[in-house]
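Asks: Before anything else, here's the structure in question.
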Amino acid sequence: MSTNVVTKQNNGVSQVLKNRFVQGILASALFLQIGIWVRNFAVLLYVMEMTKGDAFAISMISVAEFAPIFIFSFIGGTFADRWKPKKTM
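Encoded structure:
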């Protein structure tokens with residue numbers, strides 16, 4: 422006994438991705454992320470060159486870069502959980 426399974430293509434996502442404005446937002450987000458990581462890599466290479474490869478200095482640059490994100494995500498998350506979602510948005 423064979424069953425015919427008809428899969429219906431979900432046009433919602435494909436319609437959204439065809440939107441010019443969504444494509445612009447996605448492209449800008451992609452270029453932003455590429456730029457951020459190129460800058461991070463350049464800073465690490467600069468610190469490596471200035472400190473002659475001192476591992477402690479390189480790790481401190483990484484800590485200084487990511488510590489504010491780590492700290493403020495807890496603070497922002499606490500406020501976001503306590504406030505009403507519509508006001509937070």
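Everything in the sequence shown is counted per our numbering, starting at 422 for the first residue and increasing by one.
Cβ coordinates follow ideal geometry from the N, Cα and C atoms, glycine included.
Owing to the predicted nature of the structure, the values given are computational and were not obtained by experimental measurement.
What residue range does the alpha helix (DSSP H) around W458 cover?
Replies: R441 to M471
Asks: Which residue wins for smallest C-alpha separation from L466, given the options Q454, I482 and F452?
Replies: I482
Asks: Hey, how far is the Cα of A501 from the Cα of T509?
Replies: 6 Å
Asks: Just checking, does the region 477-493 make contact with the region 448-468 on the three C-beta pairs under 8 Å criterion?
Replies: yes
Asks: Look at the alpha carbon of A444 and the alpha carbon of L451, and state the distance between them as a whole number of angstroms.
Replies: Residue 444 is actually Gln in this sequence, not Ala. If you take the alpha carbons of Q444 and L451, they lie about 10 Å apart.
Asks: Leaving out five residues on either side along the sequence, give the residues of the same chain with a beta carbon under 6 Å from the beta carbon of P489.
Replies: Same-chain partners within the cutoff: there are none.
Asks: Please report the straight-line C-alpha distance between K505 and D475, rounded to a whole angstrom.
Replies: 47 Å
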